[in-house]
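Every position in the sequence shown, counted from 1, becomes a number in this note's numbering once 142 is added. Heads up: the structure comes next, in structure tokens.
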Amino acid sequence: MDIILNPFVSILTVLYGILGQNMVLAIVVFTIIVRLLMFPLTAQQMKSSKAMQQLQPELKKLQEKYKGDREKLAQEQMRLYREYGFNPLSGCLPLLIQFPIFIALYQAIIHALAATPTQLLDLSGRLLIPGLDQFIPLNNMFLGLNLTLPPKIGAGGTLETVVGIALVALVVITTWLQFKLTTPTTAPATGADGKPAPGAGMTQSMGTIMPLMYGFFALSFSIGISIYFIVSNIAGIIQAAMMGRANFRNLFSRPKPPGLATTAGTKIEGKATPIPSKPKNKTGSVSANNKSK
143 MDIILNPFVS ILTVLYGILG QNMVLAIVVF TIIVRLLMFP LTAQQMKSSK AMQQLQPELK
203 KLQEKYKGDR EKLAQEQMRL YREYGFNPLS GCLPLLIQFP IFIALYQAII HALAATPTQL
263 LDLSGRLLIP GLDQFIPLNN MFLGLNLTLP PKIGAGGTLE TVVGIALVAL VVITTWLQFK
323 LTTPTTAPAT GADGKPAPGA GMTQSMGTIM PLMYGFFALS FSIGISIYFI VSNIAGIIQA
383 AMMGRANFRN LFSRPKPPGL ATTAGTKIEG KATPIPSKPK NKTGSVSANN KSK
């Protein structure tokens, strides 16, 4: 992880020096830069997710048809993927590459917000560019708040309480918005018996759990990390909107029933889905002969 972490810490410190030794601006700009660099991978992941969503009705039909034959089901699924030009692994690689980078980004902010002598010594050892140690210790104060500490809601002064509540609220709201805007507007899948399929309610539950979980993190972690969460969420929403993948109707409308996502002639991964040819009329020749008689 150090092979990614140390360059990130160094770049964050450079931005801190360029931006008037303002740690908040450094965190904001650094987060945006990393998100922009990761945009091609994010776009690939979003396209793959959209294509998989469009294939769900067809996959459901196959699951019902070959319920007792796993081998045949797997063969038919692969045939369906080839027919639609879809690679089920196309969304995994971008996610695997992004994960360690975003973890390193998160860790870089934590290391840059060094407070104790041990942490300051560790920060100095991670700087890869000569002369950056002149900025140590970094100025971790913003609006009278220490960025290395969690929000002091009720324990500090009025300003600290107001800013703390605002930060936690923004973390929760932006996390919820990003989830809602990037989640397909499809109703939970149902099984052959009409009951919800196993795990069908997981997506809906995550829409509630994730914002609350990140709100808890905002209360527990340093204020600098809360700023990172907010900026990262907003950047994710903007990226989805730029790609046309932001489901703004999802904020106000009910989920669409399953089965409406894929229609003949829609495009998946840049390829048009094949339209089944009409069966040949085998009785046509017989009818013609009868008419001639």
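Glycine included, every Cβ here is placed at the ideal spot set by N, Cα and C.
Run of the alpha helix (DSSP H) containing residue i, from where it starts to where it stops
i	result
Y158	D144 to I160
L183	F181 to K207
I307	T300 to T324
K214	R212 to Y226
G267	P259 to R268
Buried/exposed call for residue i, threshold 16 Cβ in 10 Å
i	result
Q196	buried
Q163	exposed
M188	buried
F363	buried
N229	exposed
I145	exposed
M165	buried
T290	buried
M384	exposed
F150	buried
T184	buried
G299	exposed
V304	exposed
R221	exposed
L265	buried
M348	exposed
A254	buried
I372	buried
L285	exposed
I369	buried
M194	buried
I351	exposed
I245	exposed
G336	Legend: pLDDT at G336 = 45, less than 50; position of this residue unreliable, value from coordinates given subsequently. It is exposed - the Cβ of G336 has fewer than 16 other Cβ atoms within 10 Å.
Three-state secondary structure (DSSP) of residue i
i	result
F371	helix
F284	strand
G273	coil
T350	helix
G386	coil
Q240	helix
F359	helix
Q163	coil
G366	helix
I174	helix
I438	With the chain covering 143 to 435 only, the question about residue 438 has no answer from this structure.
G393	In the sequence under discussion, the amino acid at residue 393 is Leu, which differs from the Gly named in the question. In the structure shown, L393 sits in a helix (DSSP, three-state: H, G or I).
G378	helix
I295	coil
L247	helix
Chain B contact for residue i (CB, 8 angstroms cutoff)
i	result
M283	Of the protein chains in this structure there is only one, and it is not chain B.
*Is the segment 171-180 touching the segment 272-290, taking contact as three or more C-beta pairs under 8 angstroms?*
These segments do not touch.
*Could you tell me whether the segment 350-365 touches the segment 308-319, using the rule of 3 or more Cβ pairs below 8 angstroms?*
yes
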